[in-house]
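Undergrad: Numbers 94 to 383, taken from this note's numbering, label the letters of the sequence shown in order.
For every residue, glycine included, the Cβ atom is placed at its ideal position computed from N, Cα and C.
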Amino acid sequence: MSVLIAGAGGQLGLDLVDAFADHTLVALGSGELDITDEAAVAEVVHDAAPSLVLNAAAWTDVDGCEADPQRAHLVNAIGPWWLARACARLGATLVHISTDYVFDGSTPLGPGGKPRGWSEFDPVAPINAYGRSKAAGEQLVRETLPAHHLVRTAWVNGARGGNFVKTMLRVGRERGVVTVVDDQTGSPTFTRDLAAAIRELAVTGRYGTVNRTNRGSCTWYDLAAATFEAAGIEVDLRRQDSVALDRPAARPGWSVLDDTHANAAGLTPLPPWPDGLARLLSELDGADPA
């Protein structure tokens with residue numbers, strides 16, 4: 094299979110390169126392919142002639158998107174649209190990565206009034222510019238290309254690139270006290286597991302939207318505590334509310350994604366998030382310090 098990866102220099106993109114290494118592969122970072130340039134996208138897709146395009150390119154700086162919603166829309170909505178249009182002309186399949194931020198962060202209730210995860214069929218209602226740009230990108234892909242997979246994921250962490258776990262490891266070693274929000278709940282997801290799940294999904298021909306996260310949920314505080322414990326870092330870990338951070342962009346309080354649809358479709362469940370965390374820490378321990 095011939096595969097083109099956009100955003101191949103990001104933390105997920107790098108693991109997608111590894112996951113599809115046994116295929117005919119064209120992997121382009123943002124410096125090699127600007128997905129907001131329609132002519133460049135059309136030329137690259139035409140010349141590579143892939144049967145599968147993976148879009149891991151995005152602007153994920155949530156506060157940056159709030160300050161510049163026009164750029165957010167250009168990268169996170171228009172860019173995927175150009176890729177979908179190019180795939181439609183070629184007859185290729187597109188896998189586009191989306192986010193839990195398309196939801197408003199309230200807690201949906203299931204049987205017995207118990208909290209449940211967001212499903213693929215819940216209405217989107219983003220509360221910040223980043224979420225709105227990603228929701229727009231989803232809609233443009235749906236309207237343009239029937240042969241698409243929209244993969245919603247959350248709280249992504251990998252061995253390469255910046256993320257919460259790596260930040261906690263750094264500040265935990267530098268400081269004696271670390272304060273982390275405890276009023277946001279989500280499903281931590283690890284790029285090695287996510288890349289494998291995307292590889293499995295990409296060849297199914299079961300097009301549409303699907304949630305793909307590691308199993309289980311926790312707060313950011315819980316994830317920090319698990320990270321410090323597993324890494325053997327002793328810190329005074331303290332809780333705080335999100336409002337204390339006074340960030341420009343609102344964050345959803347509930348980002349848990351439900352995997353019922355993925356399981357019913359026969360997709361392999363991702364491992365529990367503590368297992369993914371343990372493998373990430375092991376990979377970081379064995380990484381070149383450079």
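1) Can you check DSSP and say which residues form a bridge with R331?
2) Please list the terminal residues of the continuous alpha helix (DSSP H) segment that includes S375.
3) Under 9 Å, do S199 and W347 count as touching if we go by C-beta distance?
4) Please state the DSSP three-state secondary structure of G122.
5) Look up V217 in the DSSP assignment and say whether it is helix, strand or coil.
6) Checking 9 Å against the spacing of the C-beta atoms, do A150 and V137 come in under that value?
7) Is the beta carbon of G265 less than 9 Å from the beta carbon of A324?
8) In three-state DSSP terms, what is D171?
9) From A133 to P208, what does the alpha carbon distance come to, in whole angstroms?
10) At which residues does the beta strand (DSSP E) containing I98 begin and terminate?
11) Quick check on DSSP: helix, strand or coil for L145?
12) Using 8 Å as the cut-off, can you tell me whether the segment 303–313 makes contact with the segment 270–288, which would need three or more C-beta pairs spanning the two stretches below that distance?
13) Can you tell me whether R263 is buried or exposed? The criterion is at least 16 other CB atoms within 10 Å of its CB, across all chains shown.
14) Return the chain-ordered list of same chain residues with a C-beta closer than 8 Å to the C-beta of D334, the five sequence neighbours on each side being excluded.
TA: The short version:
1) According to DSSP, R331 bridges with T272.
2) Here the alpha helix (DSSP H) through S375 covers W366 to D378.
3) Yes, these two residues count as a Cβ contact at 9 Å.
4) Of the three classes helix, strand and coil, the one that applies to G122 here is coil, per DSSP.
5) Note: V217 maps to coil in three-state DSSP.
6) The Cβ atoms of A150 and V137 do not sit closer than 9 Å to each other.
7) Cβ atoms of G265 and A324: closer than 9 Å.
8) The displayed chain sequence assigns Ile, not Asp, to residue 171. Look at I171 here: in three-state DSSP terms it is helix.
9) Pairing A133 with P208, the inter-Cα distance amounts to about 45 Å.
10) The continuous beta strand (DSSP E) containing I98 extends over residues S95 to A99.
11) DSSP places L145 in the strand class (E or B) of the three-state scheme.
12) Touching, per the Cβ criterion.
13) Classification for R263: exposed.
14) Excluding sequence neighbours, D334 sits near V274, D275 and D276.
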